[in-house]
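Top to bottom, those sequences are chains Y and U. Oh and the first sequence: position 19 is 19 in the numbering used here, straight run, nothing missing. Oh and the second sequence: position 11 is 121 in the numbering used here, straight run, nothing missing. Ideal placement from N, C-alpha and C gives every residue a C-beta, glycine not left out. In what follows, a structure is listed as structure tokens, so that the remarks can point back to it.
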Amino acid sequence: QQPVQSPQAVILREGEDAVINCSSSKALYSVHWYRQKHGEAPVFLMILLKGGEQKGHDKISASFNEKKQQSSLYLTASQLSYSGTYFCGTEVGTASKLTFGTGTRLQVTL
Amino acid sequence: DTGVSQNPRHKITKRGQNVTFRCDPISEHNRLYWYRQTLGQGPEFLTYFQNEAQLEKSRLLSDRFSAERPKGSFSTLEIQRTEQGDSAMYLCASSPRQGNIQYFGAGTRLSVL
């Protein structure tokens, strides 16, 4: 079953923050986050393994709540380059397929 | 690393024709995945290989679809007797032996007329 992402779309002014959520009905081994710009390949952002760890680099971070099977992606001080569609991909076992959510379209404006 | 390479980037075909796509993974990545993505949707899993062994197929992969990875390096995805519903972006990803970060290629966009 496909993970549910929220919100479906968000518009930000440059410098504002955003949170994107991903929820699964299955017990997860890991959550992967990708950003895809129109007509381009999905680009890997980060992976979170079960254990509830939080990761981040630069102004993008993420958390994984294993009890709730939820992950959140945090974008702080957004930049124009953050625009795109964000997908979470969930994995129920090691080295297996990813099941992607429906995506969150993010637009950052001046 | 040169990244995951997919060819062709675009393919236009007539309904009923057969098409074949190629994916060259990142060097020494032993796992290779095929996904299909339609407009406004996330990628949907089709199949994956560990070395030359095909380990899993999605139900999306009807008997018209077949994939190979004969020497554990590049892979091909063939669609026989294409239908208009096959129009989509076909994405390939590869991952290394350790961990499962999947790196995607730019995809092959198929249009079936």
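Find the residues of chain U that neighbour Ile60 (chain Y), judging by a C-beta separation of less than 9 Å, and give them in chain order. Near Ile60 (chain Y) there are no residues of chain U at all, since even the closest Cβ is about 16 Å away, more than 9 Å.
Reference Ser172 (chain U), options U:Phe159, U:Arg132, U:Phe184, U:Arg191, closest by Cα: If we check each option's Cα against that of Ser172 (chain U), U:Arg191 comes out closest.
How many angstroms separate the CA atom of Cys189 (chain U) from the CA atom of Gln5 (chain Y)? The question names Cys, yet the displayed sequence has Ile at residue 189 (chain U). Each residue's Cα considered, the two are about 31 Å apart.
Candidates Y:Gln8, Y:Lys67, Y:Pro3, Y:Gln36: closest to Ser81 (chain Y) by CA position: It is Y:Gln36 whose Cα lies nearest to the Cα of Ser81 (chain Y).
With the cut-off set at 7 Å, would you say Thr85 (chain Y) and Lys59 (chain Y) are in Cβ contact? no
CA nearest to the CA of Asn117 (chain U), picked from U:Thr130, U:Gly126, U:Lys124: Of the candidates U:Thr130, U:Gly126, U:Lys124, the one whose C-alpha sits nearest the C-alpha of Asn117 (chain U) is U:Thr130.
Taking the beta strand (DSSP E) that Tyr74 (chain Y) falls in, what are its first and last residues? Looking at the DSSP string, the run of the beta strand (DSSP E) that includes Tyr74 (chain Y) is 70 to 75.
Any C-beta of chain U under 7 Å from that of Ala9 (chain Y): Taking Cβ atoms only, chain U never reaches closer than 7 Å to Ala9 (chain Y), which makes this a no.
Using the Cα positions of Gln1 (chain Y) and Trp144 (chain U), report the straight-line distance between them to the nearest angstrom. 18 Å
With burial defined as no fewer than 16 other Cβ atoms inside 10 Å of the residue's Cβ, what is the status of Ile11 (chain Y): buried or exposed? In summary, Ile11 (chain Y) is exposed, with fewer than 16 beta-carbon neighbours lying within 10 Å of its beta-carbon over all protein chains present.
Does DSSP put Ser63 (chain Y) in a helix, a strand or coil? Correct three-state label for Ser63 (chain Y): strand.
Inter-residue Cα distance where the pair is Val79 (chain Y) and Gly126 (chain U): It should be pointed out that residue 79 (chain Y) corresponds to Gln in this sequence rather than to Val. Each residue's alpha carbon lies about 46 Å from the other.
What residues from the stretch 142 to 166 of chain U come within 7 Å of chain Y, judged by C-beta to C-beta, listed N to C? Tyr143, Gln151, Gly152, Pro153, Phe155, Tyr158, Glu166
Check whether Ile20 (chain Y) and Thr104 (chain Y) have beta carbons under 7 Å apart: At a Cβ-Cβ threshold of 7 Å, Ile20 (chain Y) and Thr104 (chain Y) count as neighbours.
Kindly list, in the order they appear in chain U, the residues whose Cβ is closer than 8 Å to that of Leu48 (chain Y). Correct list: empty, because the minimum Cβ distance to chain U is about 12 Å.
Closest to Lys159 (chain U) by CA distance: which of U:Asp134, U:Gly150, U:Pro153 is it? A small fix is needed here, since residue 159 (chain U) is Phe in this sequence, not Lys. Selected option, being the one with the closest Cα: U:Asp134.
Please report the residue range of the beta strand (DSSP E) in which Gln194 (chain U) lies. Here Gln194 (chain U) belongs to no beta strand (DSSP E), and DSSP marks it neither H nor E.
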